[in-house]
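Student: Submitted below is the structure of interest, expressed as structure tokens.
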Amino acid sequence: MAKQFTLGKKERLKSRKLIGQLFEHGKKMVVAPYRILYLLSGPVEHPSLVFGTGVSVKNFKKAVDRNRVKRLTREAYRLQKKELEEKIKKSKSQLSVFFIYTGKELPEYDEVYKQTGTALKKLEKLTVS
RNA sequence: GCUACAAGCCGGGCUAUCGCUUUCUCGCCUUAGGCGGGAGGGAGGAAAGUCCGGACAGCAUAGAGCAAUGCACCGGUGAAGAGCCGGGCCCCGCUCCACGGAUCGGGGACAGACAGUGCCACAGAAAAUAACUGUCCCGCCUACCGGCGGGAUGAGGGUGAAAAUGUGAGGUAAGAGCUCACGGCUUAUAAUGGUAACAUUAUUCGCGGGUAAACCUUGCAUGCUGAAAUGCCACAUAUAGUACCGGUAAGAGCUGCUCGCUCGGGUCCCGGGUAACCGGGUGCGGUACGGGGUAGGCAGAUUGAUCCCAACAGCAAUGUUGAGGACAGAUAAAUGAUAGUCUUAUUCGCCUUGCUUAGGCUUCGGCGGACGAAACAAAAUCCGGCUUACAGGCUUGUAGCUUCU
RNA sequence: GGUCCUGUGGCCGAGUGGCUAGGCAGAGCUCUGCAAAAGCUCCUACAGCAGUUCGAAUCUGCUCGGGACCU
18 MAKQFTLGKK ERLKSRKLIG QLFEHGKKMV VAPYRILYLL SGPVEHPSLV FGTGVSVKNF
78 KKAVDRNRVK RLTREAYRLQ KKELEEKIKK SKSQLSVFFI YTGKELPEYD EVYKQTGTAL
138 KKLEKLTVS
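Quick note: the first sequence uses our numbering, first residue 18, plus one each step.
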């Protein structure tokens with residue numbers, strides 16, 4: 018039986034090129050403390066959902082705090098992305114998502130969990146329709 | 001026992017569930033490879049600031065001078081340093097004191113101001129050559145005060161951060177290190193101690209401020225650039241165009257400049273010439289700008305001047321020897337999330353004990369509850385230092401207070 | 001990761017080691033029937049801590065903040 022709540026190398030945005038494309042051509046939306054960029058590309062051979070997150074140096078000067086926010090975001094995404102992933106695979110397309118944290122204070126885990134959940138549901142509606 | 005200061009050390013542990021990264025290994029699937037299981041490793045004392053010094057890499061390198069930058073008491077240490085250790089000298093503070101100093105603690109970018117130049121606001125006669133005021137003597141004028149001229153002198157002149165070696169005596173027309181005595185500072189020599197810086201003593205030459213973290217002088221050191229360096233593989237592509245130059249060489253590099261040196265002299269055609277070579281063309285090359293592609297992987301890159309322990313050498317920094325053990329490698333960037341629990345700190349209540357007339361206060365011990373790891377902070381090629389940030393705890397030393405014997 | 005520049009009132013911005021210019025903004029006053037304009041006055045500064053110097057915005061070291069460049 019395959020693992021459910023994974024977030025390995027293949028599920029993360031790692032290519033500089035893809036990120037460039039995402040920032041240039043991707044669509045934007047805002048959910049509370051996050052600004053979310055996403056890019057859906059047509060039917061492909063290996064359907065996948067890749068994810069990335071980032072925090073501005075201007076809002077969090079210390080590397081410790083930036084790491085903290087990114088880790089919380091990754092954790093919340095990892096536990097909730099399952100439904101979206103299945104639907105993307107059914108529709109045979111490829112979706113890149115990038116979460117940018119725009120808040121200025123360190124968030125609590127519960128809040129992060131809630132907001133990423135609503136963001137994922139919104140994405141589902143927008144992309145798989 | 002408490003408080004303060006200084007130095008050194010530590011700066012969470014365990015369990016469950018879901019995950020990340022890496023190494024090894026096993027199984028399954030049709031190769032590349034993919035999927036799944038198991039075992040092991042996975043941030044710091046500062047990983048930070050990037051302030052010094054290296055290792056390492058690339059480029060360059062016949063050499064010389066100037067410039068630039070950095071350093072600056074002595075010795076040791078080390079790969080090296082603006083680091084560290086020890087010593088000297090100077091300054092500050094406390095205490096003691098026979099007022100000369102001495103102990104202890106702290107600090108010091110600590111070569112040179114008789115090589116030269118600059119600057120020193122305000123105040124003050126003057127900020128360094130001297131002038132001014134003043135003092136004294138002589139001559140002339142004048143009834144006197146005084147004025148003018150010539151000479152001597154550098155002591156006094158309320159300032160200032162700083163004023164031409166301090167005190168006393170002699171000396172003189174008045175004075176002056178002009179002379180003398182006791183000091184202070186300084187140059188040189190000698191002796192003694194010390195590896196040396198330096199210290200002490202004796203003799204001797206002198207005594208015209210400060211500033212070199214002002215320019216500078218002296219001595220020493222330094223080629224430049226930094227892993228976004230660099231090498232290889234894969235993918236992709238176009239070198240289109242512009243400027244300058246190429247037989248008197250252009251140009252590039254060495255180091256910023258100068259000398260000097262090194263690289264750099266292509267091909268073909270035509271004409272001249274025996275040839276070397278000369279002229280023209282073709283196109284080629286060089287440099288600068290610009291254009292296009294890729295932005296994936298591997299190496300560099302994680303075991304090294306490493307850390308811990310013991311013995312020995314040394315005052316110490318440190319070194320030598322021995323034994324066993326430990327040591328992360330991410331790359332849109334891993335070491336996390338949730339829940340529980342353990343001690344530690346904090347805090348509340350009750351009991352006991354002590355003080356007190358009481359109110360109340362409080363040491364030690366015990367029980368129960370609340371909160372519950374919570375400071376500073378995240379490796380990015382790697383080391384040695386420095387600096388800065390830091391909740392709480394432990395150890396040692398010093399000082400003060402208190403209790404008991 | 002590396003290399004460098006910079007910090008002066010609320011804002012902009014000058015300042016060879018000797019009382020920190022100037023403009024804009026703000027407040028008050030004069031002028032006016034009321035305003036505007038003009039004039040006068042006031043307010044608020046050398047990022048911080050040490051050192052050198054008689055004296056530091058300036059020189060030196062460290063710290064903090066802001067910015068630029070290198071693939």
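Note that beta-carbon positions come from the ideal geometry of N, C-alpha and C, so glycine has one too. Just so it is clear, the structure is predicted and the values come from calculations on it, not from any experiment.
What's the C-alpha gap between Met18 and His63?
Tutor: Reading the first sequence from its first residue, position 1 is the one you call residue 18. Reading the first sequence from its first residue, position 46 is the one you call residue 63. Reliability fails at Met18, whose pLDDT of 35 lies under 50, so the model's placement of it is uncertain and no value is given.
Student: Would you mind sorting Phe68 into buried or exposed? The rule is 16 or more other CB atoms within 10 Å of its CB.
Tutor: For this step, residue 68 is matched to residue 51 along the first sequence. Burial call: buried.
Student: Pull up the DSSP beta-bridge partners for Phe116, would you.
Tutor: What you label residue 116 is simply residue 99 of the first sequence in a count that begins at 1. Bridge partners of Phe116: Ile53, Thr70.
Student: In this structure, does DSSP put Met18 in helix, strand or coil?
Tutor: Taking the first sequence and counting its residues from 1, one reaches residue 18 at position 1. Low confidence applies to Met18: its pLDDT is 35, below 50, so where it sits in the model is not reliable enough to give any reading.
Student: Which of helix, strand or coil does DSSP assign to Lys45?
Tutor: The count along the first sequence starts at 1 and reaches residue 45 at position 28. Correct three-state label for Lys45: strand.
Student: Check whether the Cβ atoms of Tyr118 and Tyr51 sit closer than 8 Å, and answer yes or no.
Tutor: The count along the first sequence starts at 1 and reaches residue 118 at position 101. The count along the first sequence starts at 1 and reaches residue 51 at position 34. The answer is yes: Cβ separation under 8 Å.
Student: Taking just the CA atoms, how far does Gly134 sit from Val108?
Tutor: Counted from its first residue, the first sequence places residue 108 at position 91. Counted from its first residue, the first sequence places residue 134 at position 117. Checking the displayed sequence, the identity of residue 108 turns out to be Ser instead of Val. If I take the Cα positions, the gap works out to 21 Å.
Student: By how many angstroms is the C-alpha of Phe116 removed from the C-alpha of Glu41?
Tutor: By one-based count along the first sequence, residue 41 stands at place 24. By one-based count along the first sequence, residue 116 stands at place 99. Distance between the alpha carbons of Glu41 and Phe116 is about 15 Å.
Student: Where do the N-terminal and C-terminal ends of the alpha helix (DSSP H) with Glu100 fall, by residue?
Tutor: Sequence index remark: in the first sequence, residue 100 carries index 83 (1-based). Taken as a continuous stretch (DSSP letters only), the alpha helix (DSSP H) holding Glu100 covers 99–107.
Student: Taking the C-alpha atoms as reference points, what is the distance between Lys131 and Leu140?
Tutor: For the purposes of this step, residue 131 is taken as residue 114 along the first sequence, with counting starting at 1. For the purposes of this step, residue 140 is taken as residue 123 along the first sequence, with counting starting at 1. C-alpha separation (whole angstroms): 14 Å.
Student: State the CB to CB distance for the pair Thr90 and Val129, rounded to an integer number of angstroms; the pair is presumed to be in contact (CB under 8 Å).
Tutor: Numbered from its first residue, the first sequence carries residue 90 at position 73. Numbered from its first residue, the first sequence carries residue 129 at position 112. Confirmed, Cβ separation roughly 6 Å.
Student: Among Val48, Gln38, Ser65, which has the Cα closest to the Cα of Lys26?
Tutor: Residue 26 sits at position 9 when you count from the first residue of the first sequence. Comparing Cα positions, the closest option is Ser65.
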